[in-house]
């Protein structure tokens, strides 16, 4: 399957959430037309915290590497539509020179092709957004010669709260490796949803416990006009949440002209 | 007042056909950001200009380009003016240095002038002079849309023009470094698109960050894990005002223009990128008639008190703002953002500019009234294509949609008894006179 067809599998025309699927990894990667090895490892993923698909809940999976692909596929069995939001590019040649490793994510996206083809989800199936929690490379700065492919999420990467609620989504569960507060970039998204009246919950991907309701604190520069510019400039400094540092590390930016 | 519109009515592509175009734009044209919040960034509706209207834009853009280069040269000869432009000190210091002088004709100069059709005729809101983007849409997406509208043509292909300029500069083969911010996919997509076109034309194109470049005797080379060796041309897609943030050992100062290796754009382009550029015109000793006719009157915000002008009658722009961020336009900018912007204007007036507002004429469509912005690219003074955006309101920002600009070479507006074929307005005909 070529990369264009693979993207169509992940973002089928009939799903109302496909518009938000990020094409970067599919379009700028090393995906070949060869049939990749298929994996059913996700079928053993245990997701006891999953609410019923008709409960009006969206899920954000913020897990390291390909973790969100596996858990997202497990959630698809419960009626959720996985929506990949991976927005980082691959390095020029070697994944080893890239700050954020994406090879494993791409392999996982390919490894569930057959399972995706077999998915029978209604167009309005609630979304589960897939993210790599290592997108900021753990706050590390680039070594000389490294390829800086760190990335960050912005509110505009997601549907607005109004649109979610229009489609009956009234709550959102943030799933991380453990139940904890959202990272700074996601706090900008979730706080907006919370302000609009959505309930926000947190869960640990591998916990048995039910999701806990949380109050998302207002992050720095919340709703500031210059937030995006600050984050982008921040990527040149230390991380997308790293406001305030002054000595930029080159190799990243964005959003001009 | 305007009596005749420059665009023609046309139906948008249907959802299924447009979905095919969008998918092709993603995979053939590297359009990797097709959605922003709830808005599709690509428009199924093109902006169709009458041929005469496009010819008029071409003529104006050429004049603007020549005047821009002349003004930049004049400002570099009077470095004391750089401070007035709101350019950061670290850059001013380098630009004022004699070694930063730009050899005429060595480098390519790419500019995009953003035109709006107003009640007074065409006006520009700005020149994207430093790092104009939009190639994927202006070259790739526009070509895809033109295929669906058989009797309409594109206005050109900016990437083809860029490749031709590189050929003129360094020959039919060679190595081109595409220096950009590697971590942001929105920028990366522009560079990947350009690199693919360069490779199709026979060049070796390398994607790199500016600090991957090394300089010896003013000549650039690459030093990365994936590419090394001399470079024949450097295309910079990294804002000039960020260059001082790079380590000095990477030699970023050469990117300002003091380079034996041809550049596009030399960093001195930041001079006309600054929205405060008009504030120094009177001190240049050159007339700039097209700029004066096309750009609404511009003021230093510190002078507004004496002019007794209300803020709400003007538009406020940050000197080095991009993609419509932080623009204050009463009635258009969200009310809750106004206090933050006002605070910034009050604290840093030297980094802002106030401008007369123009009244953009909306384009009626099946989606309601839309406000087109036609970005006309010039490369070394020649027009090489156009980048269209349409907004639901007169402020073109990140929520505006990219639209193909197509030219009706064999079509004109359906005439009724009150309309005449498109004619340039008198005010525009006198430009440059």
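Chains as they are written, first to last, in our numbering: chain A, 132 to 388; chain B, 11 to 443. Heads up, the beta-carbon is just placed ideally off N, CA and C, and yes, glycines get one too. Remember, it's a predicted structure, so these values are computed and weren't measured experimentally.
- Residues of the same chain with a CB within less than 6 Å of the CB of residue 268 of chain A, apart from the 5 flanking positions on each side, are 230, 231, 281 in chain order.
- Here residue 394 of chain B really is in contact with residue 166 of chain B; their C-beta atoms are around 5 Å apart, less than 8 Å.
- Residues of chain B whose Cβ lies closer than 8 Å to the Cβ of residue 148 of chain A do not exist, since the nearest Cβ in that chain is about 10 Å away.
- At least one beta carbon of chain B lies nearer than 8 Å to the beta carbon of residue 278 of chain A.
- Excluding the 5 residues flanking it on each side, residue 387 of chain B has same chain C-beta neighbours closer than 6 Å at 122, 168, 394, 395, in chain order.
- Look at the region 177-202 of chain B: the residues with a C-beta under 7 Å from a C-beta of chain A are 191, 192, 193, 194, 195, 196, 197, 198, 202.
- When C-beta atoms of the region 192-212 of chain B are compared with those of the region 279-298 of chain A, three or more pairs fall below 8 Å, so the two segments count as touching.
- Taking C-alpha positions only, residue 277 of chain B is separated from residue 333 of chain A by approximately 47 Å.
- In the assembly as shown, residue 378 of chain B is an exposed residue. Its beta-carbon has fewer than 16 other beta-carbons within 10 Å.
- Note that the region 289-308 of chain B does not touch the region 260-276 of chain B; fewer than 3 beta-carbon pairs, one per stretch, sit closer than 8 Å.
- Within the same chain, 242, 243, 272 come within 7 Å of residue 180 of chain B by CB-CB distance, once the 5 residues on both sides are set aside.
- For residue 388 of chain B, the enclosing beta strand (DSSP E) begins and ends at 381-389.
- Per DSSP, residue 226 of chain B lies in no alpha helix (DSSP H); the unbroken beta strand (DSSP E) holding it starts and ends at 223-226.
- Under the three-state reduction of DSSP, residue 170 of chain B is assigned to helix.
- Interface annotation for the region 226-254 of chain A against chain B: 228, criterion Cβ-Cβ distance under 7 Å.
- Under the Cβ criterion of 8 Å, residue 287 of chain A is counted among the residues facing chain B.
- Across the structure, residue 206 of chain A and residue 347 of chain B are spaced so that their CA atoms are roughly 39 Å apart.
- Along the region 376-394 of chain B, none of the residues has a CB nearer than 8 Å to a CB of chain A.
- Here the C-alpha atom of residue 48 of chain B lies approximately 16 Å from the C-alpha atom of residue 257 of chain A.
- Excluding sequence positions up to five before and after residue 232 of chain B, its CB lies within less than 7 Å of the CB of 187, 216, 218, 222, 223, 238, 239, 241, all in the same chain and listed in chain order.
- Rounded to the nearest angstrom, the Cβ distance from residue 294 of chain B to residue 118 of chain B is 23 Å, too far for a contact under 8 Å.
- Residues of chain A with a Cβ closer than 7 Å to the Cβ of residue 48 of chain B are, in chain order, 290, 291, 294.
- In the structure shown, residue 33 of chain B falls within a helical segment according to DSSP collapsed to helix, strand and coil.
- If you look at residue 214 of chain B, you'll find it in the beta strand (DSSP E) that goes 214-218.
- Looking at A:330, A:166, A:317, A:139, the one whose alpha-carbon comes closest to that of residue 285 of chain A is A:317.
- Taking 8 Å as the threshold, the shortest C-beta distance from residue 312 of chain A to chain B does not fall below it.
- For residue 185 of chain B, the enclosing beta strand (DSSP E) covers residues 185-190.
- Considering only A:149, A:186, A:203, the residue with the shortest C-alpha distance to residue 175 of chain A is A:203.
- Three or more Cβ pairs drawn from the region 144-156 of chain A and the region 244-255 of chain A lie within less than 8 Å of each other, which places the two stretches in contact.
- Contact check between the region 248-264 of chain B and the region 145-158 of chain B: fewer than three CB pairs, one atom from each, fall below 8 Å, which does not count as touching.
- Per DSSP, residue 235 of chain A is one residue of the alpha helix (DSSP H) stretching across 234-242.
- Secondary structure within the region 251-320 of chain A: the beta strand (DSSP E) runs of 3 or more consecutive residues, fully enclosed, are 258-263, 302-307 (chain order).
- In chain order, 150, 151 make up the part of chain A whose C-beta sits under 8 Å from the C-beta of residue 45 of chain B.
- Membership of residue 333 of chain A in the beta strand (DSSP E) is indicated by the continuous run 330-335.
- In the same chain as residue 375 of chain B, and ignoring 5 residues on each side of it, the C-beta atoms closer than 7 Å to its own belong to 55, in chain order.
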